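Here is the structure we will look at, set down as C-alpha cells.
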Amino acid sequence: MAIHTDKISVETSETSKINTVDFSNLDFGRVFTDHMFVCDYEDGKWQNPKIMPYQAMTFEPSARVFHYGQAVFEGMKAYKDDDGKVFLFRPKQNFERINKSSGRLAMPAFPEDYFFEGLETLLKLDNDWIKPGVGNSLYLRPFVIATEPAISASPASMYRFMIICSPAKSYYNSAVRVLIADHYSRSANGGVGAAKAAGNYAAQFYPTSLAQKKGFQQVVWTDADTHTLLEEAGTMNVFFRVNDKLITAPTSDRILDGVTRKSIIQLAEDLGITCEVRPVTVAEIKEAAKDGSLKEIFGAGTAAVISPISAFEHQDELFEISSVDAEDSYAKLFKQTLLNIQHNLSEDKHGWRYEVK
Ligand code: COI
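Heads up: the sequence shown runs through residues 1 to 357, numbered per UniProt numbering.
Structure (C-alpha cells):
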C-alpha cells in the first residue's frame, strides 16, 4: 500500500500480524502493530522521517542512552467510534510535553509537523488495529533516545525519535492498593520529576517491588524533603475525594503535568464539582479516612484512564476505602465522561478530540 505524504517515506509491511492477536485478551504493552515511525537527529537537525515495518533495531553498545539514560517518552491513545472515525485526545499536549521533557534532558525538540504527520500516517496504516468500542484503544508511545556511540558524560549529538503502537484495554484490571512513600523518593526540587524521563520510571521499580511484596500495586510518592505531602503515583496523578470535594496536588518540577489530570480538573468545573488544587498532606487524608469523610482516592493517567484506589497504607497503618465501588463514585463519573468524549459519544465542548482524517 502506498501512502503519500510530503515529508515521510513509507515502507509498508508485506504481511500483517493482526490475525495472530487476541484482542479480547491483551496484556498492556506486549503486542505491537505492523509499523513504526522513525526519525534520526544528526548533523544538528532532524533527518528524513520514515515509517517502516515494526522490527528490532541495532545500536552500538556505546550508544549514550544505555549509559546515561538520555531518554524521554509520551503516552497517548487513539480511539475509534462506531462509524470508523479515529480520534486522538488533546495530542498537542503530548507534543508540547515531549519537547519539554527533551529540553530538560538536554535533547533537541522534535518538529510539530513531523510529529503529527508521523502519527497520522501511522494510524492510517495501522487503522485495523484500532478497535471500536469503549474500553478499546491503541496506545501510542512516542519516545526519543540518545544514539550517539560515545560514553563521555555529556549530551549526545545523535538521537532517534520513534513512535510504536500497541492495542490496549485496561492497564489495571481492578482497584489498586497503594503504599504511601515515607523513605524512597521519586523526584526532588529542581530535578526531572516533571519530565517524562525514562529514568523516573526505572527509579520507582525497586521501591514499588518492595510495596508489591506487601500486597500493594503502586507507591504514592511524597515530597522528598518531608514525606508529608502526597504527590503522584508514578503511572498516574492522584485525586482525593473528601465528602463531595476533590483535592489534587499542584504540578511542580516534581510532578508530571498529566493530560488526564488537567482534563479532570476541567470536567469537575463543568460538572459543578469543587476541585481544590493545592498541597495535600498525608495527615489530612489519614484524618479524613479515620473520620469517614474520605470517600475516594483515584489515579488518573493515559494508560490507566481512571483507576480507583481501594486501600492505602502509611507507616504500618492500613486504611480500606469501603466506598470504592459506590454507584455515585466520582471515579466512575469522570471515567465515563472522559471515555464518552474520547470515543465521540458526547459533546466535546473544549475541542479535545482531534480527528485523524
Ligand atoms: C501513561 O499513562 O501513558 C504512562 O506513561 C504510564 C506508563 C508508564 C505505562
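All residues carry an ideal CB built from backbone N, CA and C; glycine is no exception. Everything numeric in this text was worked out from a predicted model, so none of it was measured.
Which listed residue (the options) has its alpha carbon closest to that of residue i
i, options, result
"S187", "S252, G29, Q336 and E355", "S252"
"C165", "S174, T228 and D34", "D34"
"S157", "K169, P167, L105 and E117", "L105"
"S62", "Y139, S152, I297 and S185", "S152"
"K245", "P155, T222, L271 and W221", "L271"
"S16", "T147, W46, N344 and L125", "L125"
"F216", "E269, E112, L318 and Y41", "L318"
"Y54", "S13, T20 and F87", "S13"
"G29", "V219, E232, Y201 and L138", "L138"
"P108", "P155, A194, G199 and D182", "P155"
"D81", "R177, V134, S293 and L333", "V134"
"N127", "K85, R160, P91 and E148", "K85"
"A202", "S185, I163 and N243", "S185"
"A160", "V238, M36 and I180", "Note on residue identity: the sequence assigns Arg, not Ala, to residue 160. Nearest C-alpha to R160: M36."
"D223", "A289, P279, L210 and N99", "P279"
"V178", "Q212, Y206, S170 and M162", "Q212"
"L26", "W129, A300 and T248", "W129"
"F73", "N344, A198, M52 and V242", "A198"
"D6", "M57, K50 and A331", "K50"
"K92", "Q266, A300 and V259", "V259"
"T274", "I264, A283 and V282", "I264"
"N189", "K77, L88, I255 and Q266", "I255"
"Y68", "M162, A150 and N19", "A150"
"S9", "Q70, V38 and V21", "V38"
"residue 360", "L140, H183, D225 and Q204", "The structure shown does not extend to residue 360, since the chain is modelled only from 1 through 357, so no value can be given for it."
"N99", "L88, E112, F89 and F87", "E112"
"I247", "G44, A268 and A181", "A268"
"E276", "G234, G193 and N243", "N243"
"Y330", "F89, D182, I306 and N344", "I306"
"P142", "E11, D22 and A71", "A71"
"V238", "E11, I309, F32 and R97", "I309"
"M76", "S293, F89, F66 and E60", "F89"
"T226", "A283, N200 and S170", "A283"
"F173", "A303, E96, R97 and L333", "Correcting the residue type first, residue 173 is Asn in the shown sequence and not Phe. When only C-alpha atoms are compared, the closest one is A303."
"V144", "P167, S101 and L122", "S101"
"G193", "I163, A233 and V176", "A233"
"F23", "H350, D348, K131 and Q342", "K131"
"T228", "Y206, L210, D182 and F205", "D182"
"T235", "T208, G292 and R241", "T208"
"K332", "E231, E296, N344 and R353", "E296"
"L210", "N344, I180 and M52", "I180"
"W46", "A249, K349 and M162", "M162"
"F32", "I285, Y41 and I18", "I18"
"N94", "G301, D348, L345 and N344", "G301"
"E60", "T147, D83 and L123", "T147"
"N344", "E96, M57 and D83", "D83"
"K357", "V220, F87 and F240", "F87"
"A195", "D257, A175, W352 and T20", "D257"
"P167", "N200, R64 and N136", "N136"
Beta-ladder partner(s) of residue i, from DSSP
i, result
"R141", "I164"
"H35", "P53"
"E355", "F87"
"P149", "A63"
"Y159", "Y41 and A146"
"V10", "I51"
Q) What are the complete beta strand (DSSP E) segments, minimum 3 residues, inside the region 253-324? A) 275-277, 294-301, 305-314 and 317-320
**Q.** Continuous alpha helix (DSSP H) assignments of at least 4 residues falling wholly in the region 168-255
**A.** Taking only runs of at least 4 residues, the alpha helix (DSSP H) segments lying wholly in the region 168-255 are 198-213.
Q | Ordered list of alpha helix (DSSP H) runs contained in the region 37-100, each at least 4 residues | A | 64-68
Q: Specify which residues have a beta carbon nearer than 5 angstroms to any heavy atom of the ligand COI, listing them in chain order.
A: G75, T235, G301, T302 and A303
Q.
So within the region 96-135, which uninterrupted beta strand (DSSP E) runs reach at least 3 residues, ignoring any that extend past its ends?
A. none
Q: Count the CB pairs spanning the region 338-353 and the region 308-321 that are closer than 8 angstroms, and state whether there are at least three.
A: Inter-segment contact for the region 338-353 and the region 308-321 is absent: fewer than three beta-carbon pairs are separated by less than 8 angstroms.
**Q.** Segment contact flag, the region 322-334 with the region 117-124, C-beta cutoff 8 angstroms, min 3 pairs
**A.** no
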